[in-house]
Amino acid sequence: MLTKPLEQTYYIIDFDSTFTKVEALDVLGEISLTGRPDRNDVLNEIKAITDRGMSGEISFTDSLTLRLNLLKAHKSQLPALVETLMGKISDSFQRNKQFLTENAEMIYIVSNGFKEFIVPIVTSLGIREENVFANTFVFDETGAIVGFDTENPLSANGGKSQVIRNLHLNGEVYVIGDGYTDYEIKASGLANRFYAFTENVLRPRVVEKADHIAPSLDEFLYHNNLSRSQSYPKSRIKVLLLENVHPIAVQLFEQEGFNVEIRKGALDEDELIEAIRDVSILGIRSKTNVTARVLEHANKLMTVGAFCIGTNQIDLDACTEKGIAVFNAPYSNTRSVVELAIGEIIMLIRSIVPKSNMMHQGGWDKSAKNSFEVRGKKLGLVGYGNIGTQLSVVAEALGMEVYFYDVVDKLALGNARKCKTLDELLAVADIISLHTDGRKENKNLISYREFGLMKNGVIFLNLSRGHIVDIPALVDAIERGKIAGAGVDVFPQEPKTNNEEFASALRNLPNVILTPHIGGSTEEAQANIGNFVPSKLLEYINNGSTYGSVNFPELQLPLLKGAHRLLHIHANVPGILAKMNTIFAKYHINIHGQYLKTNEKIGYVITDVAKEYADEVVEELKDIDNTIKFRLLY
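Mapping the sequence shown onto full-length UniProt numbering, position 557 (from 1) lands on 557, and the numbers just tick up by one.
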């Protein structure tokens with residue numbers, strides 16, 4: 001069990017931009033200056049003065065005087081200020097209300113702000129009013145704010161140090177704040193440590209003076225082994241996102257407080273080995289290969305998100321053996337791929353591409369030769385999954401006859417007809433579109449023999465995986481006229497970045513549409529993926545849920561309430577659950593809920609237990625034979 005804070009340790013906490021996300025006087029200015037034509041200019045001036053004062057560029061007294069003169073505020077506006085600040089309490093302080101309440105006796109709020117708005121905010125989270133030290137406003141007879149109590153030591157330079165000196169605290173003193181005046185307490189010899197709080201604002205001049213940087217209150221509590229709301233501070237969770245994943249994904253991870261690193265392009269194996277150290281969450285698209293060798297160096301990796309449909313670029317077996325959950329986006333870009341397929345089918349069957357190219361050269365070919373409607377044509381779908389089924393429905397709405405072949409028995413939608421063999425489908429179709437998965441067994445699924453089975457003048461599309469089609473065989477079929485038109489979006493070898501040349505024997509062939517692996521690359525699809533994949537990764541990190549994982553047993557878990565959650569990943573061998581429950585019984589632990597799911601390789605046991613238990617419980621659970629990974633959530 002986590003140790004409780006020692007009674008002789010005191011915690012001095014700043015208010016503005018620490019306890020709250022904002023500077024209160026800046027917010028008061030937004031209220032008091034409403035309706036004034038120069039409002040934005042004055043607000044910018046107030047904020048600039050605030051920053052100069054907090055970073056130590058000008059004295060605090062000068063900063064305060066200048067700001068109050070600009071505010072033109074009134075006592076009647078303070079309730080609105082308090083209401084606004086209630087919604088601006090720092091996230092990590094709200095999460096750790098229990099710590100603030102349990103240790104209220106040792107916690108002091110020392111601020112150059114004003115009691116009139118500080119006391120209502122901090123007492124709502126358990127802080128004692130008598131432990132709040134701050135300035136007070138001076139009002140005139142009409143209630144206008146005209147100044148501050150100059151007898152208060154906090155109204156002068158060095159005021160925070162003077163307050164701490166007057167308190168005569170007998171023990172360790174830790175200061176948490178974002179401003180230079182907070183550092184001055186340590187510089188005066190009145191504090192043992194100064195933590196630069198950076199959850200809301202980062203001031204370089206303050207950070208460089210800090211003993212430690214605290215991106216959140218969770219980090220401070222973690223650093224001092226104090227009771228906290230999170231088992232592991234989110235600022236310590238590093239996220240590596242490659243290949244230009246959608247900005248919304250970056251935003252979602254940053255909102256969680258994670259440390260996010262972004263790389264625009266793909267990384268080769270050696271580059272990824274170097275980059276993946278200390279990474280907890282890896283996000284990739286289709287060009288980055290996560291190999292067993294890479295995973296040997298992934299010392300903290302908990303989960304991988306494929307921001308695409310396929311996962312053949314990830315060694316799923318190696319991930320499973322190391323207890324790393326993998327998630328993808330099987331549905332998010334389906335519509336985009338379907339629309340591209342329909343568009344290319346129409347363009348190819350009408351021979352639009354060569355006609356367009358001729359016009360760019362000044363030619364004019366108005367004939368209907370080799371130009372056909374799609375209505376009545378037979379569309380053959382190789383693969384009848386998420387994309388194949390939706391393409392089937394749209395194609396049928398255009399008047400096409402749909403045939404499909406899939407190795408898995410699938411229910412036909414609409415009037416689509418299932419073929420018993422791939423050969424049967426290839427022989428009947430006027431248009432063939434590939435929508436198979438990327439498993440290794442599908443390499444060169446379509447080669448010389450398969451092209452030989454097709455009708456003469458067939459339209460051929462591959463928007464699935466590059467290695468499924470034998471490229472020399474496709475080139476031969478196009479040059480012989482077997483293929484009247486082809487649309488190819490995926491290739492066995494693809495450039496890693498937009499700066500590399502695309503090299504392929506398919507270049508410059510007639511009536512061939514080449515696209516740079518953009519089947520799912522629409523703004524809508526990428527936004528959908530950018531939302532979907534992080535949601536799955538965050539559910540796993542924050543709650544332990546694995547629903548939608550491609551390699552883990554799938555469990556949709558309830559939200560954790562009033563308990564600690566123990567997550568145990570192990571090799572799927574008999575007796576693990578019995579050993580775990582023997583440990584729980586040995587220490588008389590009350591189990592609130594327990595969930596078990598296995599697949600052929602691993603087992604996943606989630607146990608929600610009462611919060612009171614000995615440290616030895618966790619160690620014994622980790623030491624069970626065949627344990628792969630253990631996590632604790634609370």
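Note that CB positions come from ideal geometry on N, CA and C, so glycine has one too. Here the structure is a predicted model, which means the values were calculated and not measured.
Based on DSSP bridge pairs, tell me the residues matched to residue i.
{"i": "A214", "result": "F197"}
{"i": "L226", "result": "L226 pairs with nothing; no bridge assigned."}
{"i": "Q594", "result": "T607"}
{"i": "I483", "result": "V458"}
{"i": "E619", "result": "Answer by DSSP bridge pairing: none, since E619 is not bridged."}
{"i": "V163", "result": "None, per the DSSP bridge assignment."}
{"i": "V239", "result": "V260 and I281"}
{"i": "E172", "result": "T9"}
{"i": "T20", "result": "I89"}
{"i": "L443", "result": "The sequence given here places Lys at residue 443; Leu does not occur at that position. Answer by DSSP bridge pairing: none, since K443 is not bridged."}
{"i": "L403", "result": "Residue identity check: residue 403 is Tyr in the sequence provided, not Leu. Y403 pairs with G380 and R417."}
{"i": "A144", "result": "H74"}
{"i": "S549", "result": "F327"}
{"i": "V469", "result": "I446"}
Since residue i contacts residue j with CB under 8 Å, what's their CB separation in whole angstroms?
{"i": "I583", "j": "L621", "result": "6 Å"}
{"i": "N259", "j": "I276", "result": "Rounded, the Cβ-Cβ distance is 14 Å, inconsistent with contact."}
{"i": "I569", "j": "G323", "result": "4 Å"}
{"i": "S332", "j": "I529", "result": "4 Å"}
{"i": "N135", "j": "N157", "result": "At roughly 13 Å, the Cβ-Cβ gap does not stay under 8 Å, so N135 and N157 are not in contact."}
{"i": "G487", "j": "E396", "result": "Not a contact, Cβ separation roughly 20 Å."}
{"i": "N511", "j": "S367", "result": "Not confirmed; about 15 Å, so no contact."}
{"i": "I602", "j": "A571", "result": "6 Å"}
{"i": "G544", "j": "R565", "result": "6 Å"}
{"i": "K418", "j": "F404", "result": "6 Å"}
{"i": "V394", "j": "V338", "result": "6 Å"}
Tell me, please, whether the CB atom of residue i is closer than 7 Å to any CB atom in chain C?
{"i": "A196", "result": "No chain C is present in this structure, which holds just one protein chain."}
With C-beta atoms as the reference, is residue i less than 7 Å away from residue j?
{"i": "K75", "j": "F139", "result": "yes"}
{"i": "S55", "j": "Y195", "result": "no"}
{"i": "Y174", "j": "R193", "result": "yes"}
{"i": "L413", "j": "S392", "result": "yes"}
{"i": "I46", "j": "G29", "result": "yes"}
{"i": "residue 635", "j": "V82", "result": "With the chain represented from 1 up to 634, any question about residue 635 goes unanswered, as that position is not in the structure."}
{"i": "A484", "j": "G457", "result": "yes"}
{"i": "I626", "j": "V573", "result": "With the sequence shown as reference, residue 626 is identified as Asn, and Ile is not the correct amino acid for it. Yes, they are a contact pair."}
{"i": "G257", "j": "T18", "result": "no"}
{"i": "E129", "j": "T123", "result": "yes"}
{"i": "G383", "j": "T436", "result": "yes"}
{"i": "T150", "j": "G126", "result": "no"}
{"i": "T303", "j": "A325", "result": "yes"}
{"i": "P553", "j": "A249", "result": "no"}
{"i": "K377", "j": "M347", "result": "no"}
{"i": "L295", "j": "G519", "result": "no"}
{"i": "Q313", "j": "N328", "result": "no"}
{"i": "Y634", "j": "A614", "result": "no"}
{"i": "residue 636", "j": "L425", "result": "Only positions 1 to 634 of the chain appear in the structure, and residue 636 is not among them; the question remains open."}
{"i": "residue 672", "j": "V22", "result": "Outside the displayed range of the chain (1 to 634) lies residue 672, so it cannot be described from this structure."}
Starting from residue i and walking both ways along the alpha helix (DSSP H), at which residues does that stretch end?
{"i": "S535", "result": "E523 to N543"}
{"i": "L272", "result": "E269 to A275"}
{"i": "D9", "result": "The residue asked about is misnamed: residue 9 is Thr in this sequence, not Asp. No alpha helix (DSSP H) contains T9, which is instead part of the beta strand (DSSP E) from T9 to I13."}
{"i": "G388", "result": "N386 to A397"}
{"i": "D47", "result": "The residue asked about is misnamed: residue 47 is Lys in this sequence, not Asp. Unbroken alpha helix (DSSP H) run through K47: R39 to M54."}
{"i": "S356", "result": "I352 to H360"}
{"i": "N370", "result": "No alpha helix (DSSP H) contains N370, which DSSP labels as neither H nor E."}
{"i": "residue 684", "result": "The chain is shown from 1 up to 634; residue 684 falls before or after that span and cannot be answered."}
{"i": "F451", "result": "Y448 to L453"}
{"i": "F253", "result": "P247 to Q255"}
{"i": "V294", "result": "A292 to E296"}
{"i": "L422", "result": "L422 to V428"}
{"i": "A134", "result": "Premise fails: A134 lies in the beta strand (DSSP E), V132 to N135, not in any alpha helix (DSSP H)."}
{"i": "L100", "result": "K97 to E102"}
From what residue to what residue does the beta strand (DSSP E) around residue i run?
{"i": "R565", "result": "H564 to A571"}
{"i": "V304", "result": "T303 to A306"}
{"i": "R631", "result": "T627 to L633"}
{"i": "N112", "result": "I107 to F114"}
{"i": "I513", "result": "V512 to L514"}
Legend entry - Meets three-Cβ-pair contact criterion under 8 Å: the stretch 153–170 and the stretch 30–49: no
Legend entry - Three-pair Cβ contact test at 8 Å for the stretch 554–567 versus the stretch 536–546: yes
Inset, instruction - Decide if the stretch 196–211 is in contact with the stretch 590–607; the criterion is three or more beta carbon pairs, one per stretch, under 8 Å apart. - result: No, the stretch 196–211 does not touch the stretch 590–607.
Inset, instruction - Assess, as a yes-or-no matter, whether the stretch 502–511 is touched by the stretch 520–528 under the definition of 3 or more beta carbon pairs within less than 8 Å. - result: no
Inset, instruction - Check whether the stretch 240–247 touches the stretch 278–289, taking contact to mean three or more Cβ pairs, one atom from each stretch, closer than 8 Å. - result: A contact exists between the stretch 240–247 and the stretch 278–289.
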